[in-house]
Each structure stands twice: as structure tokens, then as C-alpha cells.
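**Student:** Just so you know, UniProt numbering puts 126 at position 126 of the sequence shown, and the rest follows in order with no gaps. All C-beta atoms in this analysis are idealised placements derived from N, C-alpha and C, irrespective of residue type, glycine included. Would you mind keeping the following structure in view while I ask a few things?
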Amino acid sequence: MACVAALLASPALLPFPSTASSTATSSCSCRLRSRPAVVAHAPRQQPRGRRALRRFDEVEGVSKKRRGIGGGASGAAGSQASSPRRDRGLAVDFKESQVAELEDLEEDKFLNAVVKVYCTHIAPDYGLPWQKQRQHSSSGSAFMIGDGKLLTNAHCVEHDTQVKVKRRGDDKKYIAKVLARGIECDLALLSVENEEFWKGTEALSFGRLPCLQDSVTVVGYPLGGDTISVTKGVVSRIEVTPYAHGTSDLLGIQIDAAINPGNSGGPAFNEQGECIGVAFQVYRSDEAENIGYVIPTTVVSHFLNDYQKNGKYTGFPCLGVLLQKLENPALRESLKVPSSEGVLVRRVEPTAPASSVLRKGDVIVSFDGIAVGCEATVPFRSTERIAFRYLTSQKYAGDIAQLGIIRDGNSMKVQTILQPRKHLVPFHVEGGQPSYLIVAGLVFTPLTEPFIEEECEDTLGLKLLAKARYSLATFEREQIVIVSQVLAHEVNIGYEHMGNQQVIKLNGTAVKNIHHLAHLVDTCEDKFLTFEFEDDFLVVLHREEAIAASSEILKEHAIPSVRSSDLSEPYVEAKNEVQKTSEDFGESPVTNFEMGIDCLLWA
């Protein structure tokens, strides 16, 4: 199966190598500047049947034909008429030049709202969580949306330390501030306080969702030059699409265009000059060409409304259930489903509000009164159908959804609150810097996807990796806490070989998360600190000796503190904690990216 992967390109215009020679890759569009002695992390090898999605670090542009901007056809016509123009005399040439000047004014109005983004990044070092990696720079695109704000891709300003923007035709760069970052939808909102930047500018207006074969123009600053670039194509598909950066499934517009690194965050226009979305990733494959993706205005408006309503980005909610399609008539008959409709609930996340009203074996036949088909699709516009999870993505965190279900052959209505999904092993670390705790040289940290990517899956062991791929959180703020390494010292003799092992208990108390572990260590009054790890491995330390050795270990390894700053806050007990059951560790992966068969999907 072709995989989707993100492509990052350096100023030398050399893309990072793909994971395999004949695989498909999807790229985001932020152009990275070359960094001496810095090597990009290669994408981790994907399991069989899994689509690897990656962002395209600079949006790739698609040129589009619109009013006021000359296309290829008009250029050809002009060259063909050049000879008759000379025969008619200079008066005609003067008139043609006046028309060209008016078109140039319209073109400038169209292009001047698009700016170039310069970002300096410092990513965390997940293996050494008290420090960060080497600084590097990238460039992307953004555009003006009014009220002193700019819109771009979240991956363009990921782990930013400084963001600057430059207008077309200007020689000055202005400092920008990141107001909000939407990881799932790969969008970021910027502001520029300097009023000089906004003089003589005009914000772009948003248009409706386009139709198939509509012309689309993408504008941005891709590689190949420093000036603005305009490319064109057509809308070839509209459906729920995997988002590389956010590892989520949201509505996306597929366009037919040659997109290159550098356009990330640039606008896509229709023929009326309205912005119909934001370019953000492409699909790379030896078997396919010219497949680019645009974030539609429906997703953009959800992001902006969320920020305006809550003062921050809260995310896209989900139902929190694993669904199976009901295409087989015998399966529907066994569940007492009278018609060709509905999807079967196979698993419900313990932390999802739906866990109180849905259970395994229920059949969802409607969502807010909209019928759900047996292939997990719902009506979309007049003659189209789209994936069922599109309906949940239109809701906001805290909204209520009414579900029509069939349970044991009986039809009923239930209501549930929709909230963003809480991953046991998160795909992104909130705040940018990972948490850590050092006890007698043992470095504890939560297991996250960035940590897995940095350490490589082979070093984690099958059991820990299986938990990351198949386990669900059973209560709020639950984490898998591991020892990433042991900093050698005489106090931890015999334990130096440890690495990437999960801690289960401390002095007989189950560890809930990294903050809870720090709390248990701080409040312990016993003579020994007894850590129980996975596979029945035991670590026992003298508590007073462990505390005394901390200063020596920190000094030896140039570590500023024994814990991250977030663990200095008082520990608050997690709410709605439930006991783990065997069902919490199911046979199916916890994300659609890992799913090996098409008839199962998370909503």
C-alpha cells in the first residue's frame, strides 16, 4: 500500500529520502534551511498495511486560473496576435498596455495579502528531556485574514522560538506572535503588532466549499526562488482525509497540481478570488502524480470560531468509539437491524463521555437525525456521501450529539457530550517540553509518540510498543511512565543496563502518571524506594542515599534540575478513575493509521 509521508526540503533543494524506494510519500510544505552537522530524523518504518502520513514542510502550490489573473491560454493568444498588432500601429499597442496595467493592479491585490514566514525552531530532545536539540530555521507561507491576524500551517511554526514575516515587495521583516496552534487541523494563527506592516493591505475573504473540477489557484513561497509563486489546478476530490501533522481525519480538498516544498500555509483561491482553503500536504508515489491537499474553509472556520469562542484552541471532538461496517446481510440480521443502515460499536473508550450511554454491540443508525449508512457514510451535499466521522468534526468541544441506536433489536435515542480524544500515548507533547523526573540517576519520563520516533521502535521492546499501539487510557491524565535511561552512579549499581522499561508501582502503589510518581517520591517516608517494573523487575534504593546522590548526578551530567518545571506544581488526584479491565487492551489499534482492515474505523 502506498504510504503518505511528509517531505522536508533544505535550501539546497534536496528532499529528505523516503523510507523505501517504491513507496508513496505525502509531504508538507515548510522549507528547511541547511544546518551544518544536523541530520534530519528519518521517518520511522511503518507496519505492514499502515499508511504513513507526514506533513509537507512548505505548502506545495497549485496554480489557478481566476479573474484578473492571466492564464496560459491568454498568454498564448497574446503571442499569436503580436504580428497583427504591429500592423495596426502603436495606438493598439498603447491600449493593450493599459489593459495589462489594470490586470496587474488586480493581480497585486490578489497576491499582496500573501506573506512569507521565517521561523526559527528548537525541538525538544526526548531522550534527554532537560535539554533541547540544535536550532534550525525554515520558511513557509501565510496570508492576511483581517483584524491584524495571519493564518498559516501549524507545522510551519512548530517548536518556534522566533517567527518573522515579510510582505511581497518589502525588504523588511516583522516579528510575529503565535496566538493559537491547532495540531489536529494543522493551522496556526499569527499576529503582527507593528502597524506599519498592515498599511495599505487588504484581507482575503473566504469562499464556499468548491465542487469537483472547479479551478483552484495556490499562492505561496515554495523552493526554487525567493519571490512569490502562483500555480494552478482543479479540484479532483473532496473527502475525509488523513492529516499528516495532526494524525487526524478531517475534511480535505484534493487538487490536481504540482506542489512543492515552501507553499505550506499559502491560500488556495477560486475563480472569484475567494480563499477556499490552505495548502498543507501532498501525496508522493511512483504510481501517482500531482496529488496535493488543501484544508477547506469549513475546517478553517471551525479553528477560528473555536479560538474566538474560548480564547484558545480546544480541538476537534470525537465520539470515542471503534466502529465496524455492516455491509454483510447476515451480520445485520444477527443484530436485528431491519435495513441496510448503521455501524456496529466494537469498542468504547473509557475516557469518552459516550462510555456512559453506548456499549459494545450497539448499532448507531443516526447522528443528530442524519442517517448513517452501513458503510459508515452519511449524505454530503446533493448527490455525494462522506465518512461518518465528518459529522463529529463539525461539532465543538462540549457540544451534545443525539444518537439513534439499535440495542438488542430495540430502537432508542441517547445523548452524549463530545470531547477531544485523550490518547494514552500522545502524538504531541503539550507545552513543547517533555516532563521528566530523576531519582538516584533513574530518568523517568512519559511514553509519547515523539519519544518512540526519536528512540526508534526496535529499542522499546514488543510489549511496550504493543501497549502504545493497542491500549486506551482508562482515566483522565493516565500515562505510561518509563525509565528511559540510568545515569551511572554508585547508588544505582546493578541497574545501569535499564532502559525503556515501564514502572508499574512504587512501594506497592500503582503509578498513574509522571506527576503522581513525583508525588509518591516526595511523600515517601520509608527507608527504601521500591520500584516495580514490567516483567517483574525490581529496583530497590535507599531513600536517603538516593536523595543525597542527586546533586552529584546533576553536576556530573550538567542537568539543571531533578525534575521538569511542571512537576513542581502540587499534585491533584485524577477524577473518574476506573479499574483496568481486559477490554482496555483490545485486539485493534487505537488509531486509524494502524488499522489493518478497512471495515474497522475510529470515530
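1. For my contact list, Ala376 and Gly320 are in at a C-beta cut-off of 8 Å; report their separation, rounded to the angstrom.
2. Measure the alpha-carbon distance for Pro426 versus Gly441 and round it to whole angstroms.
3. Report the three-state DSSP secondary structure of Lys463 (helix, strand or coil).
4. Who are the near neighbours of Gly409 in its chain, counting only those whose CB is closer than 6 Å to its CB and skipping five residues on each side?
5. Mapping the DSSP letters down to three states, classify Ile559 as helix, strand or coil.
6. What's the C-alpha gap between Gln433 and Ile255?
7. What does Arg237 pair with, by DSSP beta-bridge criteria?
8. Pick from Glu184, Pro124, Val163, Lys177: whose alpha carbon is nearest that of Arg421?
9. Could you tell me whether the Cβ of Pro329 comes closer than 7 Å to any Cβ of chain C?
10. Which stretch, first to last residue, makes up the beta strand (DSSP E) that contains Tyr174?
11. Based on DSSP bridge pairs, tell me the residues matched to Tyr293.
12. How should Cys156 be labelled, buried or exposed, when 16 other C-beta atoms within 10 angstroms of its C-beta is the threshold for buried?
13. Taking the CB atoms as reference points, tell me whether Pro317 and Ala244 lie closer together than 7 Å.
14. Excluding the 5 residues preceding and the 5 following Ser484 in the sequence, name in chain order all residues of the same chain whose CB lies nearer than 7 Å to its CB.
15. Could you give the DSSP three-state label for Leu304: helix, strand or coil?
16. Contact defined as beta carbons within less than 8 Å: I believe Ser141 pairs with Lys116. What is the distance between those atoms, to the nearest angstrom?
17. Assign Leu391 to one of three DSSP states: helix, strand, or coil.
18. With which residues is Glu341 paired in a DSSP beta bridge?
19. So, under 8 Å CB-CB, Val439 and Val521 are touching, yes? Tell me the CB distance rounded to an integer number of Å.
20. Alpha carbon to alpha carbon, how far is Ile295 from Lys413?
21. Report the residue from Thr152, Leu541, Tyr293 whose alpha carbon sits nearest the alpha carbon of Tyr495.
22. Give me the DSSP bridge partner(s) of Ile482.
23. Closest to Val234 by CA distance: which of Val240, Phe269, His489, Pro570 is it?
24. Can you give me the C-alpha to C-alpha distance between Gly246 and Asp186, rounded to a whole angstrom?
**Tutor:** The short version:
1. No, Ala376 and Gly320 are not in contact; Cβ-Cβ is about 15 Å, not under 8 Å.
2. 25 Å
3. helix
4. Lys336
5. coil
6. 36 Å
7. Gln254
8. Glu184
9. Looking at the structure shown, chain C is missing, and only one protein chain is on hand.
10. 174 to 182
11. Gln254, Gln281
12. buried
13. no
14. Gly127, Val443, Thr445, Gly499, Asn500
15. helix
16. 6 Å
17. helix
18. Gly373
19. 6 Å
20. 34 Å
21. Leu541
22. Thr445, Gln502
23. Phe269
24. 6 Å
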